[in-house]
Amino acid sequence: MAGPAPSERAEELRALISHHDERYHLLDSPEITDAEYDALKRELVTIETEHPELATVDSPTLAVGAAPSGLFTEVRHEVPMMSLDNAQTEAELRSWADRLVRLAPELELATLRFSCEPKVDGVAMSLTYAGGRFVQAATRGNGVVGEDVTDNVATVPSVPETVAAEAAPFPERLLIRGEIYMPTAAFAGLNERQLAAGAKVFANPRNSAAGSLRQKDPKVTAARPLAFWAYQLGGGEPEPGVGEGADGWAPATQTDALAQLRRGGFPVSPDATTVVGIDAVVTRCRELEEHRHDLPYEIDGVVVKVDDLDLHRRLGQTSRAPRWAIAFKFAPEERATRLLDIEVSIGRTGRATPFARLAPVFVGGSTVQLATLHNEDQVALKNVRPNDMVLVRKAGDVIPEVVGPMLDHPDAPKRRRGPWKFPTVCPSCGGPLVRLPGESDTYCTNIDCPAQRIQRIVHFAARAGMDIEGMGEQRVVQLVRAGLIDDPSDLYRLEAPVLVALEGMGELSAANLLGAIEASKRQPLSRLLVALGIRHVGPTVARALATGFSTLDDLRSASQEALAAVEGVGAVIADSVVGFLANPANQLVLDRLVAAGLNTEQPWAAGAGAPAAPDQTLSGRSVVVTGTLDGYTREEAEAAIVARGGKAPGSVSKSTFAIVVGASPGTAKLTRAERLGVPIVDGDGFDRLLATGELPDA
Ligand code: IVH
Numbered sequence: 006m007a008g009p010a011p012s013e014r015a016e017e018l019r020a021l022i023s024h025h026d027e028r029y030h031l032l033d034s035p036e037i038t039d040a041e042y043d044a045l046k047r048e049l050v051t052i053e054t055e056h057p058e059l060a061t062v063d064s065p066t067l068a069v070g071a072a073p074s075g076l077f078t079e080v081r082h083e084v085p086m087m088s089l090d091n092a093q094t095e096a097e098l099r100s101w102a103d104r105l106v107r108l109a110p111e112l113e114l115a116t117l118r119f120s121c122e123p124k125v126d127g128v129a130m131s132l133t134y135a136g137g138r139f140v141q142a143a144t145r146g147n148g149v150v151g152e153d154v155t156d157n158v159a160t161v162p163s164v165p166e167t168v169a170a171e172a173a174p175f176p177e178r179l180l181i182r183g184e185i186y187m188p189t190a191a192f193a194g195l196n197e198r199q200l201a202a203g204a205k206v207f208a209n210p211r212n213s214a215a216g217s218l219r220q221k222d223p224k225v226t227a228a229r230p231l232a233f234w235a236y237q238l239g240g241g242e243p244e245p246g247v248g249e250g251a252d253g254w255a256p257a258t259q260t261d262a263l264a265q266l267r268r269g270g271f272p273v274s275p276d277a278t279t280v281v282g283i284d285a286v287v288t289r290c291r292e293l294e295e296h297r298h299d300l301p302y303e304i305d306g307v308v309v310k311v312d313d314l315d316l317h318r319r320l321g322q323t324s325r326a327p328r329w330a331i332a333f334k335f336a337p338e339e340r341a342t343r344l345l346d347i348e349v350s351i352g353r354t355g356r357a358t359p360f361a362r363l364a365p366v367f368v369g370g371s372t373v374q375l376a377t378l379h380n381e382d383q384v385a386l387k388n389v390r391p392n393d394m395v396l397v398r399k400a401g402d403v404i405p406e407v408v409g410p411m412l413d414h415p416d417a418p419k420r421r422r423g424p425w426k427f428p429t430v431c432p433s434c435g436g437p438l439v440r441l442p443g444e445s446d447t448y449c450t451n452i453d454c455p456a457q458r459i460q461r462i463v464h465f466a467a468r469a470g471m472d473i474e475g476m477g478e479q480r481v482v483q484l485v486r487a488g489l490i491d492d493p494s495d496l497y498r499l500e501a502p503v504l505v506a507l508e509g510m511g512e513l514s515a516a517n518l519l520g521a522i523e524a525s526k527r528q529p530l531s532r533l534l535v536a537l538g539i540r541h542v543g544p545t546v547a548r549a550l551a552t553g554f555s556t557l558d559d560l561r562s563a564s565q566e567a568l569a570a571v572e573g574v575g576a577v578i579a580d581s582v583v584g585f586l587a588n589p590a591n592q593l594v595l596d597r598l599v600a601a602g603l604n605t606e607q608p609w610a611a612g613a614g615a616p617a618a619p620d621q622t623l624s625g626r627s628v629v630v631t632g633t634l635d636g637y638t639r640e641e642a643e644a645a646i647v648a649r650g651g652k653a654p655g656s657v658s659k660s661t662f663a664i665v666v667g668a669s670p671g672t673a674k675l676t677r678a679e680r681l682g683v684p685i686v687d688g689d690g691f692d693r694l695l696a697t698g699e700l701p702d703a
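6 is the number of the first residue of the sequence shown in the numbering used here; add one for each residue after it.
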């Protein structure tokens, strides 16, 4: 069946878009994600381009934002506040640049200068200064008429009351455009306080900035951690508001304009850069996309502007947006999808964790189908129910999260199901699930629960533990189901003939698996301690214990007091270790592991109770590790740096002493290191660096 006629679809799209405009701009309560909204707009633009006869004068493709809400006085902008066209791909970015050359044929894209500015996700604001004093702040509104939010904006600390004297003389009237935003950390803090007070929790920093400005009482706004970035002098194009004549305030380039704004005391993003040539623009966009989460504020793209302001006047604008600028938009990190079901998984300690099974959705660079919901209270707090449309967020490397239901989403169920109830029996063993009073977690208390047993073995073989390659969850499940293993020590009794008989296992993979199991016997004691899954014993504590006692025997015979005396251990951890070692089932597993020939010592440990401090060769230096190094896990490499007085941060900066690069390193870190001229060290160089603090000769 054919779809609707283009004219019908265009009409439908116009209705949808103006509806969602209203939800977003007037009610601060969008029903669909930005990406979905953009898709509607693009579809309409495509229809109107292919069928120009269908374009209407009042089409939302020509409009900017929405009409005022009536909550504040209306302000007619002296210079209209324009919107920007979007580019979602590198190709679209380049075709924007090609269009510039078609309009001004003498331009050379390889030598043209551009200002690349982070596209801060906040609320666009027009500030007016008269005689150097702040007199008015207005929202964009529909671009022609906005709302007067002067009293609220006056409470924002980074909006200066007066233009700095250094920047005098200034024109009688000065128009400054910028963005009111909420820094990411401040946003998290605000939401914590809102939650504690039982008040509304905001979905993201942009919504919370918008909500904070849309307050009748400026005291409420004043209590919100808002900030301001200035990004435009004058209203854009043309610039009658700037006041010609005053030299500094009639700059020749956008770069100079930003510099002048800084001199005038206006905060300008330090991440705005001027680059030469369209290739450099593309590089800068990629760079900002890769580092978007390293910035202390949220950005959803890069605004690319032709630097030469004379060219702005020549290139001009369409009815809604200037031709001299474009917004390069990053891939969305928030998407709507269907919550198919809520299930619980049982961890190695028996903890029952609810998680969301989602209709697959591509978000934040990968396809997401599962997201944790943490515990019973979180499910209730988020108020998500099976069959809801939910907002899924995946920012950078962060694990995917269900933000909440989208009750007004067009695909949301007409009638919701009832609140989800935590199951009362374990999905694995059928035993009771227990939540103790005062605790947030629910547990399966059956120690023989197959799910727990499986997870204990998975944890044992995992990277931070014995690091047995090929022994992931699926493999462990297969081996347990086949009755071949029951606890971690059984791994060391596996033999080739039984493995080869398993489905999907050839001679070669069996041999590889046995090789990996054999190799794991040589892991240091600290890794064995992590692998055992003792409560509170992670890599750092395990290292402290292993270096403190050097051998498993000494550790097993240590008293609670001796354990607690180790630096970084303390009474709670010591109790947990003693409890674990006193358990007969654990003792049996340990005896079997020892009998299987596992290494039970910690290399370089100095002897019981006296951990040796290595020479402080890296005192005060920061060394970043990326990729896998021979002989070290990432944690071990970082621990070795810290043990020598150094720091091992997760990202490269100007003050990084060296970057240690193993196999398959992170490209972001490596590129940044190269750009900043940070010395690069390989695995051999690392050993020397640890021993002497010296860098290998270049
Ligand atoms: S220039 C005519 N520069 O992005 C000039 N906009 O549609 C238009 N934004 O909501 C704006 N950072 O508030 C410009 N460095 C920047 C920006 C920026 C964020 C926002 C702007 C508007 C949207 C553009």
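C-beta atoms are modelled at their ideal positions from N, C-alpha and C, and glycine is treated no differently.
Ligand 1 heavy atom lying under 6 Å from the CB of S525: No, Cβ of S525 sits at least 6 Å from all heavy atoms of ligand 1.
Buried/exposed call for K659, threshold 16 Cβ in 10 Å: Counting the other Cβ atoms within 10 Å of the Cβ of K659 gives fewer than 16, which makes it exposed.
Complete runs of the beta strand (DSSP E) confined to the stretch 243-294 [at least 3 residues]: Runs of the beta strand (DSSP E) inside the stretch 243-294: 278-281.
Buried versus exposed, by CB contacts within 10 Å (16 or more), Q127: In the sequence under discussion, the amino acid at residue 127 is Gly, which differs from the Gln named in the question. Answer is buried; the Cβ neighbour count reaches 16.
Any beta strand (DSSP E) of 3 or more consecutive residues that is wholly inside the stretch 17-92: If we require 3 residues or more, the beta strand (DSSP E) runs fully inside the stretch 17-92 come out as 79-81.
Under 7 Å between C-beta atoms of A547 and S531: Yes, Cβ-Cβ distance for A547 and S531 is below 7 Å.
Residue span of the alpha helix (DSSP H) that contains I331, given as start and end: Run containing I331: none in the alpha helix (DSSP H); it sits in the beta strand (DSSP E), 330-334.
Ligand 1 heavy atom lying under 6 Å from the CB of V125: Result yes, Cβ under 6 Å from ligand 1.
V666 CB to nearest heavy atom of ligand 1 below 6 Å: No, the beta carbon of V666 sits no closer than 6 Å to any heavy atom of ligand 1.
Residue interval of the alpha helix (DSSP H) (run including I578): I578 -> alpha helix (DSSP H) spans 575-587.
Simplified DSSP state of Y497, which is helix, strand or coil: Of the three classes helix, strand and coil, the one that applies to Y497 here is helix, per DSSP.
The stretch 531-543 contacting the stretch 452-472, beta-carbon criterion three pairs below 8 Å: With the cut-off at 8 Å, the stretch 531-543 and the stretch 452-472 touch.
Run of the beta strand (DSSP E) containing A135, from where it starts to where it stops: Its beta strand (DSSP E) spans residues 128-135.
Sequence ranges, alpha helix (DSSP H) only - wholly within the stretch 439-463, length at least 4: Look at the stretch 439-463 and you find no whole run of alpha helix (DSSP H) that is 4 residues long or longer.
Contacting residues, own chain, Cβ-Cβ under 6 Å from T633 (five flanking each side not counted): The residues G667, A668, in chain order, have a CB closer than 6 Å to that of T633 in the same chain once the five nearest residues on each side in sequence are set aside.
As assigned by DSSP and simplified to three states, the class of V665: Under the three-state reduction of DSSP output, V665 falls in the strand class.
Alpha-carbon to alpha-carbon, M86 and A318: The identity of residue 318 in the sequence shown is Arg, whereas the question assumes Ala. Their backbone Cα atoms lie some 16 Å apart in a straight line.
Nearest-angstrom beta carbon gap, G475 and N517 [assumed within contact, 8 Å]: That pair is a contact at about 6 Å.
C-beta atoms of I347 and W254 nearer than 7 Å: The answer is no: Cβ separation not under 7 Å.
Beta-carbon separation (whole angstroms), S213 vs M187, contact threshold 8 Å: Correct: roughly 5 Å between the Cβ atoms.
P529, DSSP secondary structure in three states: Here P529 sits in coil by DSSP.
Separation of T447 from L412, as counted between CA atoms: Each residue's CA atom was taken as its position, placing L412 and T447 some 28 Å apart.
Closest Cα partner of V149 within the set N157, E83, T133, L132: Comparing Cα-Cα distances from V149 to each of N157, E83, T133, L132, the minimum goes to E83.
Any 3 or more C-beta pairs closer than 8 Å across the stretch 285-303 and the stretch 136-147: Counting Cβ pairs under 8 Å, fewer than three are found: no touch.
Nearest-angstrom Cα separation, counted from L314 out to T258: Per the coordinates, the alpha-carbon of T258 lies some 5 Å from the alpha-carbon of L314.
Residue range of the alpha helix (DSSP H) that includes G766: Shown here, the chain extends from 6 to 703; a query on residue 766 therefore has no answer.
Near ligand 1: Y236 beta-carbon under 6 Å from a heavy atom: It does: the Cβ of Y236 is within 6 Å (strictly closer) of some heavy atom of ligand 1.
Three or more C-beta pairs below 8 Å linking the stretch 379-397 and the stretch 486-495: Segments in contact, no.
Cβ-heavy atom distance, P327 to ligand 1, below 6 Å: At a threshold of 6 Å, P327 counts as near ligand 1, since its beta carbon sits closer than that to one of the ligand's heavy atoms.
Local conformation of P301 per DSSP, three classes: The answer is coil: DSSP assigns P301 none of H, G, I, E or B.
CA-to-CA distance, M394 to L344, given in whole angstroms: Inter-residue distance for L344 and M394 is about 6 Å (C-alpha atoms, whole angstroms).
Top-ranked residue by Cα proximity to V125, from L396, N591, R297: If we check each option's Cα against that of V125, R297 comes out closest.
Secondary structure of K205, DSSP reduced to three states: Coil, per DSSP.
Pairwise C-alpha distance: L266 and G137: So the two alpha carbons sit approximately 13 Å from each other.
Top-ranked residue by Cα proximity to F233, from V308, R14, V161: Nearest to F233 by alpha-carbon distance, out of V308, R14, V161, is V161.
With 16 other Cβ atoms within 10 Å as the buried cut-off, status of K205: Exposed: under 16 other Cβ atoms inside 10 Å.
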